[in-house]
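Peer 1:
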Amino acid sequence: MLITVIVLAIYALVIIFDYLPYAKSWTPGDKAVYWVTLLIGFGVLFLVSLDVKLPNPTDGITALVALIFPNLG
Amino acid sequence: MIKKCVCALLALVCALPLAGCWNYRGLDEMTIVVGIAVDKDDESGEYEISFEFVDLAKSTKDEGPKSKVIKSNGKTIFDAVRNAKKQVANKLYMGHAQLIIIGEKVALDEDIRAILDFFMRDGEYRETIHVSVSQEDSAADILDAEATDLTIVSMELVKILETDNKVTSSTAHRGLYEAYEIIKTDGTELVLPAIRLIKEGNESTCEVNGIAVFKEEKLVGYLSAEESKYFLFAYDDVEGGVITFPSSGEGEDDTTLEITNSKTSRSVVNKDGKPSVSLKVEMEVFLNEYAKPDSKFTTDEIAKLEEIAAKKTGEGISALIKKVQSEYGSDIFCFGGLVNKSDYDMWEQVKDDWESQFKQLEVQVEVKVNILNTAYLISK
Amino acid sequence: MKKEKLTARQTITLLTMFFFGSTGVLGVNTDVGQDSWLAFLMAAAIAFPFMLMYSRLCRLYPDKSFFELAESLLGKVGGKIVVALLTWYCLHLCSLVMRNFSEYIQVCTMPETPQLPVMLFMMLGVVYLVKSGVETMGKWSVLMLPLIVAVVILTVLFALNRMDFSRLLPIARHDLGSMANSAYYSVMFPYLEIIVFVCAFSGSSETEKPYKPYIAAFFVATALMLTITLRDTMILGAHVLDALNFPSYVAVKIIQIGEVISRIEGSISMNYILSGIAKCSVCLLAAAKGIAYLFGLREHKQFLFPLGLLVVALSTIVFDNLIQMFEFIQVYNVYSVPFSIIIPVLIWILAEFKHRKESKAQTPANTQA
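Structure representation (structure tokens):
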């Protein structure tokens, strides 16, 4: 609960202090990249703070490596 | 202006984790444990852990810190540690724990590796905790005893153990991480100091009494204080202590030498594919007590005394090594480690079989005693 | 756009802190027990040619960043693929390093604090550092490295009464296979991660003489990590060293001189956090530059905050527990090969060919003129 609040607070602060003052001088490309990274990060952090189990990229990498070297991982 | 505000806010926000304020615990919310005694109840199979902690309420400036002992049970050691919270208001804090006393029964029956594993694994214990074995029925009896010099038993015992090899050379002391390393290394077996109680009427005080010998992970026996001195010579761990011997070579001991410096050179020689250990003890002593009245000392007489002392020490060391070889078969002198470090190829041949190799190991002991002075008196 | 540059001295200090980054915390590979330091030296010897290779790359094309070089050698599509791969690698590495540090903090220093706030605050510092620009990063590292070195030297001096040289014996008695295996770990992690540093700073460091900074940093970092490994082995012994998750921390815990000098393990926590911030900031800068390059943006500084938070998000999901983190090191040995060996060597070979073609094309023109 506390952690969710912290996550929300930090994202709010980032948007207020980092985006709003400077967004006028940005190209649409800048804004697009900004929002995409922001939203992906926010989605993951929000879900993690609510203890939702998300897929683990390490498992994927380990599986890939195991194709070449079956004895690892 | 707004930038300054943001900077100030940022600095404040960053300062929060610096103090570790997430889980703040005040000093008065902690129960500071100094000594831990590990016992096991035969009937229930549960661990009985006793904690000696500093009683902050009763401790005064004049009388010094006072201690209290509580006992708690649990299926495993950590279980018992947590169960202690059922009796105390504040959670136990182990960061200052200095002594672990393992009961004799536990050392005989249980795997000491399991006990050491818990204390190493848990982050709150310092790795320099001293580990010892109690010769009484239960380790808790040691903590219940009266401390003589200091007011807390555990701290007194730790002080005794740390200064022992400079003063009496009657026991060895092992920190937790040292014990752990020894247990895990091939070619050496663990020794721990042994503690007993001296009962006088109703009161009992504790005394350090020699060494507890382990083989693999279990206790197999004890060495007396005198034998422990010879053990320390073989291990090259003597920094002080006292040697007594009869000045005429036979009869009662009447002369005392105070050791100021002692060095044992340990080496391994390859004799027909088998290792043969050679110990050369060289010590510098002061003649501190001489009971027979006579005329002044001459260098010849001093040399004779040196010879007698050297002979007695050498015989003592050899006898101890033979005793350990035959009775316990446990390489507490780290001869296996010696072979490993100085002649690795030979170690490769003998390491699988080291137990039986140790029992037949040939050890040559040479002792040299140098009497530097006779203290204040020149005459005898 | 003003080109930001790192001076040679700043390159040395930042690169040293980058190498020291997570290896200080996790320790070098300890499979070979008391010979870990020797395996580490082997790793240094194996990694040295790569340092020369990167210096040579900088020498060949000093004005081009690594990404621009990739595009000019492999064409637009090939270049974009390479940049995308490297950007993912930098992002992933940043999150791995973040996770290393927050696990270290949780296990050793603050067990009851949840990891997410720790990571968030650390990332705040990292983002601010990167946003302040390359010169600030350089100047900061010039200030911090002497502190780190001083702490390491002090811990060694204070540990002298607990160190036992015989714990290093018998020396070099492990077979070459296991030593090489252990060395390989140290080659991949940290040495070959220099690709991240090159991505971040190529085209923006004083590259007239690139050999000196890279090689100097290599030697300083090797000396630092060797000192730490030797100190830990001599204090703890081979078996305890191998058994511990974080051996340096425990080794410094043991240090005690009298009553005053004890419990100094907080100082090496400070060391690690500083070098962790350095490593994270370099990785983040490389990732930001990669993304800016991929999407044709002119500035990389705008989206550093969301990117940093994305890295934190990634680090929360990348490992389930501490054991998986240590197990992953084996997988990492294979997984990082394309990013840290194949791509750089490929780029270098193509760059050499192109350079040779260009210089051949020039000489006939010179003789004619």
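Protein chains in written order, with the working numbering: chain A, 26 to 98; chain B, 13 to 392; chain C, 3 to 371. Idealized CB from N, CA, C, for every residue including glycine.
#1: Would you say GLU360 of chain C lies against chain A (beta-carbon separation less than 9 Å)?
#2: Can you check whether the C-beta of VAL25 of chain B is within less than 9 Å of a C-beta belonging to chain C?
#3: Mind reading off the beta-carbon distance from VAL347 of chain C to SER180 of chain C? Whole number of angstroms is fine, and I expect it under 8 Å.
#4: So ARG101 of chain C and MET272 of chain C are in contact, right, with Cβ under 8 Å, and what is the actual spacing, rounded?
#5: From which residue to which residue does the alpha helix (DSSP H) around PHE199 of chain C run?
#6: Which bits of chain A does ASP322 of chain C rub up against, with CB to CB less than 7 Å?
#7: Which bits of chain C does TRP34 of chain B rub up against, with CB to CB less than 8 Å?
#8: Would you check if the segment 178 to 189 of chain B and the segment 221 to 232 of chain C touch, i.e. whether three or more CB-CB distances between them fall below 8 Å?
#9: Is LYS7 of chain C helix, strand or coil when you go by DSSP?
#10: Note down the Cα distance separating LYS87 of chain B from GLY57 of chain B, rounded to an integer number of angstroms.
#11: Just to confirm the assignment: which complete alpha helix (DSSP H) runs, minimum length 4, are found wholly within the segment 133 to 203 of chain C?
#12: Mind reading off the beta-carbon distance from ILE345 of chain C to LEU93 of chain C? Whole number of angstroms is fine, and I expect it under 8 Å.
#13: Looking at C-beta atoms only, is the number of pairs between the segment 133 to 152 of chain B and the segment 97 to 117 of chain B that lie closer than 8 Å three or more?
#14: Give the interface partners of THR43 of chain B over in chain C, defined as CB-CB distance under 7 Å, in chain order.
#15: Measure the C-alpha to C-alpha separation of ALA20 of chain B and ALA27 of chain B and round it to an integer number of angstroms.
#16: Can you give me the C-alpha to C-alpha distance between PHE248 of chain C and ILE194 of chain B, rounded to a whole angstrom?
#17: Chain C beta carbons: is any one of them nearer than 9 Å to that of THR256 of chain B?
#18: On a CA-only basis, which of B:SER79, B:LEU68, B:GLY233 and B:LEU291 is nearest VAL165 of chain B? Give me that one, please.
#19: Specify, as a first and last residue, the run of the beta strand (DSSP E) that SER368 of chain B falls within.
#20: If you count every other CB in all the chains shown that lies within 10 Å of the CB of TRP39 of chain C, and 16 or more means buried, which is it?
#21: Please go through the segment 119 to 153 of chain B and give each complete alpha helix (DSSP H) segment of 4 or more residues, from N-terminal end onward.
#22: Given this structure, state the Cα-to-Cα distance separating LYS78 of chain A from ASP84 of chain A, to the nearest angstrom.
#23: Determine, using beta-carbon pairs with one atom in the segment 272 to 288 of chain C and one in the segment 30 to 40 of chain A, whether at least three such pairs fall under 8 Å.
#24: Measuring alpha carbon to alpha carbon, tell me which residue in B:THR310, B:LYS304, B:GLU270 and B:LYS230 is nearest GLU264 of chain B.
#25: Could you name the residues of the segment 33 to 46 of chain C whose beta carbon sits closer than 7 Å to any beta carbon of chain B, in the order they occur along the chain?
#26: Skipping 5 residues on each side, what residues in its chain have a beta carbon closer than 6 Å to that of MET125 of chain C?
#27: For GLY127 of chain C, decide whether its Cβ has a neighbour in chain B, counting only Cβ atoms nearer than 9 Å.
#28: Would you mind giving the Cβ-Cβ distance between VAL336 of chain B and SER342 of chain B, rounded to the nearest angstrom? I have them listed as a contact below 8 Å.
#29: For GLN258 of chain C and chain B, any beta-carbon pair shorter than 9 Å?
#30: Helix, strand or coil: which one does DSSP assign to VAL320 of chain C?
#31: Please say whether TYR302 of chain B and THR276 of chain B have beta carbons closer to each other than 9 Å?
#32: Report the CB separation of SER62 of chain B from LEU155 of chain B in whole angstroms; it is logged as a contact under 8 Å.
#33: With a threshold of 9 Å between beta-carbons, can VAL198 of chain C be considered close to chain A, or not?
#34: Start and end of the alpha helix (DSSP H) containing GLU64 of chain B?
#35: Quickly, what does DSSP pair VAL45 of chain B with across the bridge? List them, please.
#36: When you compare only the Cα positions, how much space is there between GLU64 of chain B and THR43 of chain B?
Peer 2: Answer, in terms of the structure:
#1: Here residue 360 of chain C refers to the residue found at position 358 of the third sequence. Using a CB distance cut-off of 9 Å, GLU360 of chain C does not count as an interface residue toward chain A.
#2: As a first step, residue 25 of chain B must be located in the second sequence, where it is residue number 13. True, the Cβ-Cβ gap to chain C drops below 9 Å.
#3: Here residue 347 of chain C corresponds to residue number 345 of the third sequence, with the count starting at 1. Here residue 180 of chain C corresponds to residue number 178 of the third sequence, with the count starting at 1. That pair is no contact at about 27 Å.
#4: The residue given as residue 101 of chain C occupies position 99 in the third sequence. The residue given as residue 272 of chain C occupies position 270 in the third sequence. Going by Cβ atoms, the distance from ARG101 of chain C to MET272 of chain C rounds to 19 Å, so no, they are not a contact pair.
#5: Here residue 199 of chain C is taken as the residue at index 197 of the third sequence, counted from 1. It spans 196 to 203 - the alpha helix (DSSP H) in which PHE199 of chain C sits, taken as one unbroken run.
#6: Numbered from its first residue, the third sequence carries residue 322 of chain C at position 320. Ordered by position in chain A, the residues that pass the 7 Å Cβ test against ASP322 of chain C are ASN81.
#7: For the purposes of this step, residue 34 of chain B is taken as residue 22 along the second sequence, with counting starting at 1. Those within 8 Å of TRP34 of chain B in chain C are MET112, GLU114, THR115, PRO116 and PRO119.
#8: Segments in contact, no.
#9: The residue labelled residue 7 of chain C in the question sits at position 5 within the third sequence. In the structure shown, LYS7 of chain C sits in coil (DSSP, three-state: anything other than H, G, I, E or B).
#10: Stepping through the second sequence from its first residue, residue 87 of chain B is reached at position 75. Stepping through the second sequence from its first residue, residue 57 of chain B is reached at position 45. Distance between the alpha carbons of LYS87 of chain B and GLY57 of chain B: 7 Å.
#11: 136 to 160, 178 to 190 and 196 to 203
#12: Locating residue 345 of chain C in the third sequence gives position 343, counting from the first residue. Locating residue 93 of chain C in the third sequence gives position 91, counting from the first residue. About 15 Å separates the two Cβ atoms, so there is no contact after all.
#13: A contact exists between the segment 133 to 152 of chain B and the segment 97 to 117 of chain B.
#14: Within the second sequence, residue 43 of chain B is the residue found at index 31, counting from 1. Within 7 Å Cβ-Cβ: nothing; THR43 of chain B doesn't reach chain C, min ~17 Å.
#15: Taking the first residue of the second sequence as position 1, residue 20 of chain B is located at position 8. Taking the first residue of the second sequence as position 1, residue 27 of chain B is located at position 15. Roughly 11 Å separates the two Cα atoms.
#16: Working through the third sequence from its first residue, we reach residue 248 of chain C at position 246. Working through the second sequence from its first residue, we reach residue 194 of chain B at position 182. Looking at the backbone, the Cα of PHE248 of chain C and that of ILE194 of chain B are separated by about 20 Å.
#17: Mapped onto the second sequence, residue 256 of chain B falls at position 244. With 9 Å as the cut-off, THR256 of chain B does not count as an interface residue toward chain C.
#18: Counted from its first residue, the second sequence places residue 165 of chain B at position 153. Looking at the Cα atoms, B:SER79 is the closest of the given residues.
#19: In the second sequence, residue 368 of chain B corresponds to position 356, counting from 1. Taken as a continuous stretch (DSSP letters only), SER368 of chain B belongs to no beta strand (DSSP E), being part of the alpha helix (DSSP H) at 366 to 371.
#20: The residue you call residue 39 of chain C lines up with position 37 of the third sequence. Per the 10 Å Cβ criterion, buried.
#21: 124 to 133
#22: Along the first sequence, one-based indexing puts residue 78 of chain A at 53. Along the first sequence, one-based indexing puts residue 84 of chain A at 59. Cα to Cα, LYS78 of chain A sits roughly 13 Å from ASP84 of chain A.
#23: no
#24: As a working note, residue 264 of chain B is residue 252 in the second sequence. Looking at the Cα atoms, B:LYS304 is the closest of the given residues.
#25: none
#26: Locating residue 125 of chain C in the third sequence gives position 123, where the first residue counts as 1. For MET125 of chain C, where only same-chain residues beyond five positions count, the Cβ hits under 6 Å are GLY310 and VAL314.
#27: The residue labelled residue 127 of chain C in the question sits at position 125 within the third sequence. True, the Cβ-Cβ gap to chain B drops below 9 Å.
#28: Working through the second sequence from its first residue, we reach residue 336 of chain B at position 324. Working through the second sequence from its first residue, we reach residue 342 of chain B at position 330. About 7 Å; that satisfies the 8 Å criterion.
#29: In the third sequence, counting from the first residue as 1, residue 258 of chain C sits at position 256. In terms of beta-carbon proximity, GLN258 of chain C lines the interface with chain B, with at least one pair separated by less than 9 Å.
#30: As a position in the third sequence, residue 320 of chain C is number 318, starting the count at 1. Coil at VAL320 of chain C, not helix or strand.
#31: As a working mapping, residue 276 of chain B is identified with position 264 in the second sequence. As a working mapping, residue 302 of chain B is identified with position 290 in the second sequence. No, these two residues do not count as a Cβ contact at 9 Å.
#32: Within the second sequence, residue 62 of chain B is the residue found at index 50, counting from 1. Within the second sequence, residue 155 of chain B is the residue found at index 143, counting from 1. Contact check for SER62 of chain B and LEU155 of chain B: beta-carbon distance about 5 Å, within the 8 Å limit, so the pair qualifies.
#33: Mapped onto the third sequence, residue 198 of chain C falls at position 196. Output row for VAL198 of chain C: interface = no.
#34: Taking the first residue of the second sequence as 1, we reach residue 64 of chain B at position 52. Element bounds for GLU64 of chain B: not the alpha helix (DSSP H) but the beta strand (DSSP E), 59 to 72.
#35: Within the second sequence, numbered from 1, the residue matching residue 45 of chain B stands at position 33. According to DSSP, which records beta bridges pairwise, VAL45 of chain B is partnered with B:PHE65.
#36: By 1-based counting over the second sequence, the position of residue 64 of chain B is 52. By 1-based counting over the second sequence, the position of residue 43 of chain B is 31. Between GLU64 of chain B and THR43 of chain B, the C-alpha separation is close to 10 Å.
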